[in-house]
Structure formats: structure tokens, C-alpha cells
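J.: Let me begin by handing over the structure; questions about it come next.
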Amino acid sequence: MMKFGCVSCVVLAMSLLAGCGGETDSLADHNGDGQQGYLPSSIPSLAPSPYQPDATYATFELYALASGDVSLQAQLSAKPLALAKADTDYIQLGDNGLQALWASVGESINQMDLSDDLFRDLADATGMSVQLLESLEDTLYFNSLINAKHTWYGSVLPYVDGEPYFVTTELSSGSYLDGSQVTLPRPFKLDELDDTYSRSADAITLSWNPIEAGLVVDVQAMVECLDGRSFTVGRHTEYDEGFVTFEAGVLDSEVLSGTCFATFIVVKRREGTLDTYLRGGVIAGNQVRLKATVSLE
């Protein structure tokens, strides 16, 4: 086995692969701004870095969707996000010796093993690793810890059941913080709901399978009416019970009238292990499903 102990080496090899003819498949245009999630064709700078390992808090969120995609979101800060208010509380790539953010499936991009079949391994790696780019999106999942009003980074990878996902922070000094990892919750399916229900008279139960230990579950119920008014209720449980019930009247409000639409979003969440050289933060994997029905008086 040939060991590539740095991202620079893998990037160089991938750029050589891309230059051997044929088109290189790009990853999704996650940001909607025309930037593609390519691995860069140039070798990252190895200039000296003023980075202090204990100076950065990191928030890494991964959301697995029913489509089979995993949306990756990352934000860096000088304080815990709950305390970060001013622009100066947030850290951007290029500052403090932070070079880039990478995500990969199965192993850290900094620890990839390449066999004698170099081109096959590199082709596989391009589908299971990606650089996170600055995002212009300002809407995130309801349970996300990231502040969308400040700079954050994102991209997309495929879902692989049971495999760990890594987020690697590359430093301009040539070092890599690659100990941040999480295994996503298993896919699950929401049971069907009735076509309609009464907000004032009917309880509504969301149920799903399979049930999985070691997870927390967040549920958001949002009722939106034709006149544009809406009402939202959230539920949080510290373990996966396989169902949640909204009693009659809980999803009703004086702002709602007539026929409305109720959307239920269920997020199962597991926290992983953050690299010990980061001062603090979180890496978490989320599995997301939703159902909708018609809400009557």
C-alpha cells in the first residue's frame, strides 16, 4: 500500500488524474453561485502559520436526506456559537492560518491509502471526498446550530450506511486537524398520516421505523394557511421512542383559520467526536424525514 500522509499529495495525484483525458465529474453546485465542489488543482500553500490550536471553535453539521445526499455545513468561531454575536467572533478560512475544510467518507482525506491501482483509487476518492466552499444560503435546518447570517461553508457527499464521516481542517502550516468524525443515524421511514385532521379535535401521531439507540430526536410541526399565516410547534426527546404525539388543540392557534397545510419534519441526531486540537464545538450527524397533511378547523 502507498500511504499519502497529506492532502497536498492526494490533490496533486488527483490533478494528474484529471489531466489524463476525459472530463472530471464535478460535485453538486451546493452554493448556487456557480462554484463547483472540485478538489483544487493546485497544491495548498505550506507557509508558516500563526494558528493557535486552542483558538478555534468548530461547528460541523451533516444532514442525510431521503434523496441519498448528505448536506455538510461548517462554521468556525473564536467563541462558542451561543456567545458569538459580532462579526469579529467568527473566523473565515484564510484567517488565523486556516487553509481549507475537507469532508470525506470512511476515512480522513489526510489518511487515504492508495493501492497500486492508483487511478481506480483516485476515481473512488473523488466521489467520497470534497472541499467545503463558502455558502450563500441563508436558510438552514430548524435544529441547526449554525448562524446563517455569518460566513459558513458547505458541500454535498453521498450517504453511506454505517461509515464514519470526517471533517478535516487544513492549516497553512501543512498540518491537518483530522480527528473530527461522526457516524450518521440510520435511514428511517415515517408512517403514513391521514389525509386530513382537525386542529381542534384530533390528536396526530407521527411514527417511524426503525428505532435507534443513542440518538436524540427533534420534531417541528409547521401549519401554514392560504392567507399566509403560520404557526409552529417543536418537540425534543433525549432518546428515540419511535413516535411523537401532538394532542388535540396543540397545533391550533387563533392566527389560523380555514384549510391549512401541516408539515412535520423529524430529525434524528447523533453527536460525534471533535478533533482535540480544536478548542470546542460540535460535530453532529442528522437524518431528516418529513410528512405533510391537510389541517382543518
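Letter by letter, the sequence shown follows residues -18 to -1, 1 to 279 of mature numbering (1 follows the signal peptide of the UniProt record, and there is no 0). Even glycine gets a Cβ: it sits at the ideal position worked out from N, Cα and C.
(1) One question on the structure: do proline 146 and glycine 88 come within less than 8 Å of each other, judged by their Cβ atoms?
(2) Could you check whether the stretch 156 to 171 touches the stretch 119 to 131, counting it as contact only if at least three pairs of C-beta atoms, one from each stretch, sit closer than 8 Å?
(3) Label lysine 131 either buried or exposed according to how many other C-beta atoms from any shown protein chain fall within 10 Å of its C-beta, with 16 as the threshold for buried.
(4) Decide if proline 192 is buried, meaning its Cβ has at least 16 other Cβ atoms within 10 Å, or exposed.
(5) Would you tell me roughly how many angstroms separate the C-alpha atoms of aspartate 51 and lysine 61, rounded to the nearest one?
(6) Closest by CA to glutamate 229, which one among Thr150, Ala203 and Leu238?
(7) Per DSSP, alanine 40 is paired with what?
(8) Can you tell me whether proline 140 is buried or exposed, with buried defined as 16 or more other CB within 10 angstroms of its CB?
(9) So is threonine 255 buried or exposed if we call it buried at 16+ other beta carbons inside 10 Å?
(10) Glycine 267 to aspartate 71, Cα distance in whole Å?
(11) Considering only the alpha carbon of each residue, which of Tyr39, Glu279, Ala82 and Leu54 lies closest to arginine 181?
(12) Can you give me the Cβ contacts of glutamine 163 inside the same chain, cut-off strictly under 8 Å, excluding the 5 residues immediately before and after it?
(13) Once the 5 residues before and after isoleucine 128 are set aside, which same chain residues still bring their CB inside 7 Å of it?
(14) Report, in whole angstroms, the separation of the C-beta atoms of tyrosine 39 and glycine 262, which I expect to be a contact under 8 Å.
(15) Nearest to phenylalanine 246 by alpha carbon, out of Val198, Val270 and Asp120?
(16) For the candidate residues Ser189, Val248, Gly109 and Leu260, whose alpha-carbon lies nearest to that of valine 215?
(17) Mapping DSSP to helix, strand and coil, what is isoleucine 91?
(18) Using a Cβ-Cβ cutoff of less than 7 Å, which residues in the same chain neighbour serine 212 once the five nearest sequence positions on both sides are dropped?
(19) Using 8 Å as the threshold, is the C-beta distance between residue 285 and aspartate 173 below it?
(20) Can you confirm whether leucine 75, when its beta carbon is compared against all beta carbons of chain B, has any partner nearer than 8 Å?
(21) Looking at the strands, I want to know which residues DSSP matches up with valine 140.
(22) Please go through the same chain and pick out, in chain order, the residues whose beta-carbon is closer than 7 Å to the beta-carbon of serine 59, but skip the five residues on each side of it.
(23) How should alanine 64 be labelled, buried or exposed, when 16 other C-beta atoms within 10 angstroms of its C-beta is the threshold for buried?
(24) I'd like the span of the beta strand (DSSP E) that includes proline 192, first residue to last.
(25) Since cysteine 152 and glutamine 81 are thought to touch, with beta carbons under 8 Å apart, how far apart are those beta carbons, to the nearest angstrom?
(26) How is the beta strand (DSSP E) around isoleucine 128 delimited, first residue to last?
(27) Any idea which residues DSSP pairs alanine 203 with across the strands?
(28) Using CA atoms only, rank isn't needed, just tell me which of Ala68, Val112, Gly76 and Leu75 is closest to tryptophan 84.
T.: In this structure, then:
(1) Contact: yes.
(2) Taking a contact to require three or more Cβ pairs closer than 8 Å, the stretch 156 to 171 and the stretch 119 to 131 do not qualify as touching.
(3) The C-beta of lysine 131 has fewer than 16 other C-beta atoms within 10 Å across all chains shown, which makes the residue exposed.
(4) The residue is exposed, with fewer than 16 neighbouring Cβ atoms inside 10 Å.
(5) Their Cα atoms are separated by approximately 30 Å.
(6) It is Ala203.
(7) As computed with DSSP, alanine 40 is found in a beta bridge with Leu58 and Gly263.
(8) Around the beta-carbon of proline 140, fewer than 16 other beta-carbon atoms lie within 10 Å, marking it exposed.
(9) That one is exposed.
(10) Rounded to whole angstroms, glycine 267 and aspartate 71 show a C-alpha spacing of 25 Å.
(11) Nearest option by C-alpha distance: Glu279.
(12) Counting only Cβ-Cβ distances below 8 Å, and skipping sequence neighbours, we find Ser90, Pro146, Tyr147, Phe148, Val149, Gly254, Thr255 and Ile265.
(13) Only Thr41, Glu43, Gln55, Gln57, Leu122 and Trp134 meet the Cβ criterion.
(14) The C-beta distance from tyrosine 39 to glycine 262 rounds to 5 Å, short enough to meet the 8 Å contact threshold.
(15) With distances taken between Cα atoms, phenylalanine 246 lies closest to Val270.
(16) Nearest option by C-alpha distance: Val248.
(17) It is helical.
(18) If we look at serine 212 and ignore the five residues flanking it on each side, its Cβ neighbours are Met204, Val205 and Glu206.
(19) Any answer about residue 285 is impossible in this case: the structure gives the chain only from -18 up to 279.
(20) The chain labelled as chain B is not found in the depicted structure, where only one protein chain is given.
(21) Note that residue 140 corresponds to proline in the displayed sequence, not to valine. Per DSSP, Asp51.
(22) The answer, listed in chain order, is Tyr39, Ala66, Asp71, Tyr72 and Ile73.
(23) Alanine 64 is exposed by the Cβ-count criterion.
(24) It is not in any beta strand (DSSP E) - proline 192 carries neither H nor E in the DSSP assignment.
(25) One point to set straight first is that residue 152 is glutamate, not cysteine, in the sequence displayed. Rounded to whole angstroms, the Cβ separation of glutamate 152 and glutamine 81 is 4 Å, and the two are in contact under 8 Å.
(26) From DSSP, isoleucine 128 is part of no beta strand (DSSP E); its letter is neither H nor E.
(27) Residue pairing for alanine 203: DSSP places it in a beta bridge opposite Val215 and Phe246.
(28) Looking only at Ala68, Val112, Gly76 and Leu75, the smallest Cα-Cα distance to tryptophan 84 is reached by Val112.
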